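Below is one structure, written out as structure tokens; comments come after it.
Numbering (this note's numbering), first residue to last: 187 to 336.
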């Protein structure tokens with residue numbers, strides 16, 4: 187018998203994502219990225235809300251990937267668990283990587299960013315600048331294959 191990780195309690199209730207979201211629904215996932223991409227950000231408080239919503243999406247995706255990985259590695263003789271994990275790696279992760287890259291560009295191009303306290307956001311700014319400088323869409327497929335082999 188194994189533990190069902192999908193029913194872990196949430197320390198923080200979701201504000202942006204629906205509680206029963208299916209993160210493998212690629213159309214729904216793309217809509218979430220599009221919502222963030224199209225959101226108008228006029229002020230520092232708008233940008234902080236945008237960052238919280240983006241962080242919630244990133245956390246939900248990381249949680250889903252971790253749960254699938256843990257389930258697969260805890261019962262390696264179950265091909266359904268491996269298939270479930272690989273479905274996420276092959277379909278969801280590429281969409282997420284491209285989506286987050288576009289959101290990095292939006293963040294860096296948002297004039298309201300200049301109104302955020304630099305001492306608080308310096309590391310985030312530097313991280314996103316590096317992400318944009320290093321990201322290549324053609325590497326997404328290579329990264330997917332590398333993850334599958336790991």
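Idealized CB from N, CA, C, for every residue including glycine.
In this text the structure is predicted, and so the values were computed from the model without any measurement.
Is it buried or exposed for residue i, if we count other Cβ within 10 angstroms and need 16 for buried?
i, result
"residue 309", "exposed"
"residue 198", "exposed"
"residue 282", "buried"
"residue 190", "exposed"
"residue 218", "buried"
"residue 240", "buried"
"residue 273", "exposed"
"residue 257", "buried"
Excluding the five sequence neighbours on either side, which residues of its own chain have a C-beta within less than 7 Å of the C-beta of residue i, listed in chain order?
i, result
"residue 223", "288, 289, 292"
"residue 326", "280, 283, 284"
"residue 225", "236"
Of the residues the options, which one's Cα is nearest the Cα of residue i?
i, options, result
"residue 316", "245, 200, 294", "294"
"residue 242", "275, 204, 225, 258", "204"
"residue 271", "252, 331, 327, 231", "252"
"residue 331", "301, 321, 279", "279"
"residue 314", "267, 246, 237, 247", "237"
"residue 195", "267, 249, 214, 304", "249"
Grab me the residues of residue i's own chain with a C-beta within less than 8 Å of its C-beta, minus the 5 sequence neighbours each way, in chain order.
i, result
"residue 255", "271"
"residue 212", "277, 278, 281"
Among the residues of its own chain, which have a CB less than 6 Å from the CB of residue i, if the five just before and after it don't count?
i, result
"residue 333", "275"
"residue 229", "298"
"residue 285", "219"
"residue 335", "none"
"residue 301", "230"
Under 8 Å between C-beta atoms, does residue i make it to chain B?
i, result
"residue 210", "The displayed structure is made up of one protein chain only, and chain B is not part of it."
Quick one: measure Cβ to Cβ for residue i and residue j, integer angstroms, because I've assumed they're closer than 8 Å.
i, j, result
"residue 209", "residue 247", "6 Å"
> Hey, which unbroken runs of the alpha helix (DSSP H) at 4 residues or more fall wholly within the region 252-318?
Replying inline: Counting only runs of 4 or more, we get 265-273, 279-295.
>> Which complete alpha helix (DSSP H) runs does the region 198-259 hold, if anything under 4 residues is left out?
In response: Taking only runs of at least 4 residues, the alpha helix (DSSP H) segments lying wholly in the region 198-259 are 212-224.
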